[in-house]
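Engineer: Residue numbers for the sequence shown follow our numbering, beginning at 162 and rising by one.
By construction, the Cβ of each residue, glycine as well, lies at the ideal position given by its N, Cα and C atoms.
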Amino acid sequence: MTSVGFEWKMIPSARIEGYMLYRLDPGSRDGKLKRVATISDRYSSHYVDENLKPGSLYIYQMSTYTSDGFESLQSEPVRVKTAPMVPSVSFLRAIANLPERIKLIWRPHQDMRVTGYVIERTTVAEPGKWQEIAEVQNRLSAEYIDRQIKQEEVYVYRVRVKLCNGLVSGPSTAVKAITKPLPKPPLHLTATQDLPRSIHLEWQPSPTPDVVYYKVYRSPFANAFYIYRAKTDKTFFDDRVDDDGKIYYYKVSAVDKDGLESPIPDVPVMGSTLTRPSPPTITAAKTAFSQGIIIWEPGDDRAEKYDVIRTHWEGLSRETRTFTNIYGNKFVDKFMKPGIKYTYRVVEIDRNGLRSEPSEAVELYIEPGRR
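#1: So what does DSSP say about asparagine 258, is it helix, strand or coil?
#2: On the premise that proline 429 lies in contact with tyrosine 411, defined as a C-beta separation below 8 Å, what is that separation, rounded to the nearest angstrom?
#3: Roughly how many whole angstroms lie between the Cα atoms of glutamate 261 and valine 377?
#4: Quick one: measure Cβ to Cβ for alanine 352 and glycine 432, integer angstroms, because I've assumed they're closer than 8 Å.
#5: What are the start and end residues of the beta strand (DSSP E) that includes phenylalanine 398?
#6: Helix, strand or coil for lysine 345 per DSSP?
#7: What's the C-alpha gap between methionine 171 and threonine 334?
#8: When you compare only the Cα positions, how much space is there between threonine 444 and threonine 504?
#9: Can you have a look at isoleucine 306 and say buried or exposed, based on whether 16 or more other CB atoms are within 10 angstroms of its CB?
#10: Between which two residues does the beta strand (DSSP E) harbouring serine 539 extend?
#11: Mind reading off the beta-carbon distance from proline 332 to glutamate 281? Whole number of angstroms is fine, and I expect it under 8 Å.
#12: Take glutamate 480 and list the residues in its own chain whose beta-carbon comes closer than 8 Å to its own, dropping the five residues that flank it on each side.
#13: Helix, strand or coil for leucine 253? Go by DSSP, reduced to three states.
#14: From this set, Ser174, Met162 and Glu232, which residue's C-alpha is nearest aspartate 183's C-alpha?
#15: Quick check: the Cα distance between glutamate 427 and proline 346, rounded to an integer number of angstroms?
#16: Can you give me the C-alpha to C-alpha distance between serine 206 and threonine 283, rounded to a whole angstrom?
#17: Are the segment 307-317 and the segment 267-275 touching, with three or more C-beta to C-beta distances below 8 Å?
#18: Secondary structure at alanine 449, three-state DSSP: helix, strand or coil?
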């Protein structure tokens with residue numbers, strides 16, 4: 162395949178010093194033979210010319226030379242064709258649509274001189290830039306998995322066989338493959354802004370058929386610091402929040418059965434928990450018949466009921482009493498004592514139980530002995 166052996170009848174004449182071997186390489190431009198070896202012993206009768214090309218035709222001639230430098234005429238030319246190179250694998254297949262990998266399989270070579278396989282790769286975008294990416298040892302090995310790939314890139318592969326003498330065959334027929342694309346994100350994400358201590362997210366399913374669940378990301382900022390919040394196989398998620406009027410920004414991605422995650426959307430959706438009601442405004446505060454009368458206006462249209470918080474001092478102790486479940490916008494305190502200054506604040510409560518901040522305070526006082 163890469164060497165040619167020669168044998169000739171030695172010439173034991175004392176005048177002959179040795180032999181010269183000439184060779185015409187295939188494709189030689191000048192068509193002239195070039196000396197490739199000098200055999201400096203007239204008793205030699207064998208020589209091996211090495212490092213030849215497989216499957217190539219060579220022409221050889223020999224001559225003798227004397228000790229004083231005279232060379233004989235060259236022999237009749239001898240044509241020798243080296244054995245052809247072992248062909249590459251006869252069957253190669255690329256298995257595509259796998260997650261973040263492409264699998265190559267081939268039929269093991271039948272030639273026992275094969276010791277392994279050389280894997281080469283290029284892309285459709287750069288068809289001539291073949292690169293060796295791996296060498297698979299052992300003739301019976303029949304697969305290679307390429308993990309050094311980019312998403313949705315079309316790759317082209319071919320295989321060469323490597324022989325025990327280090328020779329590498331020509332390439333096999335090339336095959337193409339594309340990696341499995343990432344799933345598409347879900348559509349039309351929405352987030353509520355009117356639920357107490359909760360933000361309800363809804364979205365339409367990803368168009369990708371093998372999506373198995375969704376990942377929810379949350380951040381207090383619109384443009385950064387998104388962290389993984391939850392995963393769900395539903396198309397909705399209820400985010401429980403411990404604060405009222407808390408704003409969060411959300412993004413949702415889709416994950417397929419192979420664990421590939423869709424791109425996280427650039428634009429988030431804002432959601433918030435329900436804000437606390439606005440505090441009421443006390444419009445009147447007076448005493449009559451040893452009773453305190455407080456009248457107020459609601460802080461907004463969410464008022465369901467009210468609490469009135471009364472505080473006063475008894476000696477060094479500050480006493481607080483809360484009058485609950487007051488419907489309407491008027492409160493009458495029938496438990497006042499003369500000579501004590503009372504402070505009142507009103508809290509609005511909505512149907513969800515959310516409480517407003519207390520209103521501005523008012524003070525009432527009944528002088529001793531006065532009714």
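Structural biologist: Reading from the atomic positions:
#1: strand
#2: With a Cβ gap of about 6 Å, tyrosine 411 and proline 429 count as contacting.
#3: 23 Å
#4: 3 Å
#5: 397-401
#6: Reduced to three states, the DSSP call for lysine 345 is coil.
#7: 49 Å
#8: 15 Å
#9: That one is exposed.
#10: Outside the displayed span of the chain (162 to 532) sits residue 539, for which this structure offers no information.
#11: 7 Å
#12: Thr472, His473 and Trp474
#13: strand
#14: The amino acid at residue 183 is misidentified as aspartate; the sequence shows tyrosine. Per the Cα distances, Glu232.
#15: Residue 427 is actually aspartate in this sequence, not glutamate. Roughly 11 Å between the two C-alpha positions.
#16: 50 Å
#17: no
#18: strand
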